[in-house]
Structure formats: C-alpha cells, structure tokens
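In terms of the numbering used here, the numbers along the sequence shown are unbroken and rise by one, the last being 158.
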Amino acid sequence: MALGNIFDIAGTGMNAQSLRLNTTASNLANAQSASSSVNEVYRSRQPVFAAIQQDAMRASVTEGAYSDNEVDAAAGVQVLGIVESDAPLQRRYEPTHPKADDEGYVYYPNVNPVEEMANMIAASRSFQMNVEVMNSAKQMVQRVLTLGQ
C-alpha cells in the first residue's frame with residue numbers, strides 16, 4: 010500500500026468522523042426542543058458510511074501470483090448521506106407548556122442522549138486514530154527522505 014493511499018484513507022476517515030461528530034452535536038443540541046406537532050418535531054439524524062473500494066482489476070497477475078501492488082481491500086470512507094431515525098417520538102402531557110397542542114400534549118425528539126454521547130466518544134476516538142495514522146505515515150516519509158544523507 011502506497012503512503013499516498015494511507016493519507017487518502019486517513020483523510021476520508023477524518024472527514025467522515027467529523028461529520029459524525031457534527032451530526033451528534035446537532036442531535037444533542039435539539040434533544041429537548043419541544044413542538045406542538047408531530048410533523049414539526051426534530052428527529053434524530055445519523056450519517057451513513059460506506060467503504061470506497063479500489064479498482065480490483067488494477068492488480069496485475071504475474072505467473073499466477075499477485076505483484077507487489079496487491080489489491081487493497083478498501084481505499085477510504087464515503088458518506089452516503091444522513092438519515093432521520095424512525096424511532097418513536099416522545100409525547101408528554103404538559104398542558105401548561107406554551108407549545109402544548111389542543112389536547113395538552115407536547116412532542117419531543119427521539120434523541121437518546123446516552124446513545125449520542127457514546128457516538129460522540131466513538132467518533133472522537135476514530136478521528137484521533139486517523140490522526141495517528143497520518144502522523145505515523147508522515148514520520149515514515151520524513152525518515153525515508155533522511156536515509157540518503
């Protein structure tokens with residue numbers, strides 16, 4: 010695997026985890042936003058990721074064995090989109106709330122703060138690991154450049 014590929018893979022991973030952190034922050038920020046209608050209430054959002062596959066046909070086959078350019082399993086992370094959760098919304102009876110509907114109910118988002126905090130920790134650690142990969146690759150490049158001196 011070439012060092013350029015390592016930088017690309019770690020870079021796409023950092024972008025994906027940054028989006029995941031921003032989505033989690035948005036969910037937490039809106040966790041207690043009330044609404045008088047089911048259609049207007051905030052719904053939890055989650056990013057959807059997929060591995061970016063490298064061209065499998067790139068590898069050359071020489072006498073039945075792969076060359077030094079064997080096929081990499083994946084070449085990074087792609088963000089397919091952000092989806093809203095289908096989990097049920099919270100409906101609370103609060104007749105004195107300013108946003109209560111005619112029956113006295115207020116609707117709250119389907120955001121689970123515990124799950125969101127776990128997502129935030131996981132995304133933060135994944136981001137840190139991608140930074141470590143980038144730093145290690147950078148150190149390897151610098152050491153290779155000093156070999157001829």
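We treat Cβ as the ideally placed atom computed from N, Cα and C, and that holds for glycine.
| Asked | Found |
| --- | --- |
| The stretch 41-54 / the stretch 135-143 touching (three or more Cβ pairs under 8 Å) | no |
| Segment contact, 8 Å Cβ cut-off, at least three pairs: the stretch 101-115 with the stretch 20-40 | no |
| Best match in 15, 132, 119 for proximity to residue 101 [C-alpha to C-alpha] | 119 |
| Neighbour-count burial assignment, residue 61, 16 or more Cβ in a 10 Å radius | exposed |
| Whole-angstrom distance between residue 124 and residue 97, CA atom to CA atom | 15 Å |
| Residue(s) in a DSSP beta bridge with residue 99 | 117 |
| Whole-number beta carbon distance between residue 59 and residue 87, since they are thought to touch under 8 Å | 5 Å |
| The ligand NAP heavy atom lying under 7 Å from the CB of residue 155 | Of the ligands one can find in the structure shown there are none, so the ligand NAP has no counterpart to examine. |
| Assumed close pair residue 128, residue 33 - CB separation to whole angstroms, cut-off 8 Å | 5 Å |
| Where the beta strand (DSSP E) through residue 89 begins and ends | 86-93 |
| Three-state class that DSSP yields for residue 122 in the structure shown | helix |
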